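Chemist: Below are the structure tokens for one structure; questions will follow.
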Amino acid sequence: MIKVAIVEDDHDVRQGLALLLNNTKGFQLAGEFGDGESAIDGLKKNPPDVLLLDIELPGISGIDVIRKIKGAAPDVDILILTVHQEDTMVFESLCAGATGYLIKTASPAQILQAINDIHHGGAPMSAPIARMVVASFKIEPGVALTEREKEVLSKLCEGLSYKLIADCIHVSRDTVHAHIKNIYRKLHVHSKSEAVITALRKKLI
590 MIKVAIVEDD
600 HDVRQGLALL
610 LNNTKGFQLA
620 GEFGDGESAI
630 DGLKKNPPDV
640 LLLDIELPGI
650 SGIDVIRKIK
660 GAAPDVDILI
670 LTVHQEDTMV
680 FESLCAGATG
690 YLIKTASPAQ
700 ILQAINDIHH
710 GGAPMSAPIA
720 RMVVASFKIE
730 PGVALTEREK
740 EVLSKLCEGL
750 SYKLIADCIH
760 VSRDTVHAHI
770 KNIYRKLHVH
780 SKSEAVITAL
790 RKKLI
């Protein structure tokens, strides 16, 4: 059972998401909030597995919510669900600690799949967002990543889980873990989100 909380200021959207989760086996609604302040207060006490978060909120912004929630409950996976597709908004969200990014044209089935993927180690993104990240993928000459490590990092940027990466490049999950460990070491990071963001900051992506 995946516990999911919702932070969305649009009442109809919020209720629709709550109904979707309540009526789908394997998912449990862990809370719903219309603004960032109440979400932070509620989620610090009872953190969910996955937080479904809009960026544009009344009062404190979604970006600040990400920072505060990750600071208080670092194991919470944060999935952005928003209308915003600007690259600055996408990368700022990832920098703050979000693990996935969907635009609101996503279908209910896509939202549920993304929640499941993020809970199991993936970093799901809507196709336009994934293309934005992958299109800007460049490796800085000073960072000595192998071709295989570049391939694995590219797949991480596409939002694939370790298992899917292993299937795509025809290696074992243990091998993927080894490559990711080396990537983290070379980029001096400790998570998938940090790997993507560090690469962006150093113009590797």
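If you want my numbering, it's the 1-based position in the sequence shown plus 589.
For every residue, glycine included, the Cβ atom is placed at its ideal position computed from N, Cα and C.
As the structure is a prediction and not an experimental result, all values here were calculated from the model.
1. Would you call the CB atoms of G623 and H600 closer than 9 Å?
2. For the pair the region 638-647 and the region 592-599, tell me if three or more CB-CB distances fall below 8 Å.
3. Which runs of the beta strand (DSSP E) fall wholly inside the region 626-688 and span at least 3 residues, in chain order?
4. Out of curiosity, what's the CA-to-CA distance linking A661 and K693?
5. Along the chain, where does the alpha helix (DSSP H) containing V602 start, and where does it finish?
6. Among L701, D630, L742, T688, which residue has its Cα nearest to the Cα of N612?
7. Rounded to whole angstroms, how far is the Cβ of A703 from the Cβ of L749, which I believe are closer than 8 Å?
8. Could you tell me which whole alpha helix (DSSP H) segments of length 4 or greater appear in the region 707-768?
9. Comparing alpha-carbon positions, which option in Y751, G686, E738 lies nearest N771?
10. Output the boundary residues of the beta strand (DSSP E) element that contains V593.
11. DSSP on A695, reduced to helix/strand/coil?
Modeler: Looking at the atomic coordinates:
1. As a first step, residue 623 is located in the sequence shown; it is residue number 34 there, counting from the start. As a first step, residue 600 is located in the sequence shown; it is residue number 11 there, counting from the start. Result yes, Cβ atoms of G623 and H600 sit closer than 9 Å.
2. These segments touch.
3. 639-642, 666-671
4. For the purposes of this step, residue 661 is identified with residue 72 of the sequence shown, where counting begins at 1. For the purposes of this step, residue 693 is identified with residue 104 of the sequence shown, where counting begins at 1. Near 27 Å, if we compare the C-alpha coordinates of K693 and A661.
5. By one-based count along the sequence shown, residue 602 stands at place 13. It spans 600-611 - the alpha helix (DSSP H) in which V602 sits, taken as one unbroken run.
6. Working through the sequence shown from its first residue, we reach residue 612 at position 23. Nearest C-alpha to N612: L701.
7. As a first step, residue 703 is located in the sequence shown; it is residue number 114 there, counting from the start. As a first step, residue 749 is located in the sequence shown; it is residue number 160 there, counting from the start. Not confirmed; about 12 Å, so no contact.
8. 716-724, 736-746, 751-758
9. The sequence position of residue 771 within the sequence shown is 182, counting from 1. The shortest C-alpha separation from N771 is found at E738.
10. The sequence position of residue 593 within the sequence shown is 4, counting from 1. Run containing V593: 591-596, per the beta strand (DSSP E) assignment.
11. The residue you call residue 695 lines up with position 106 of the sequence shown. The answer is coil: DSSP assigns A695 none of H, G, I, E or B.
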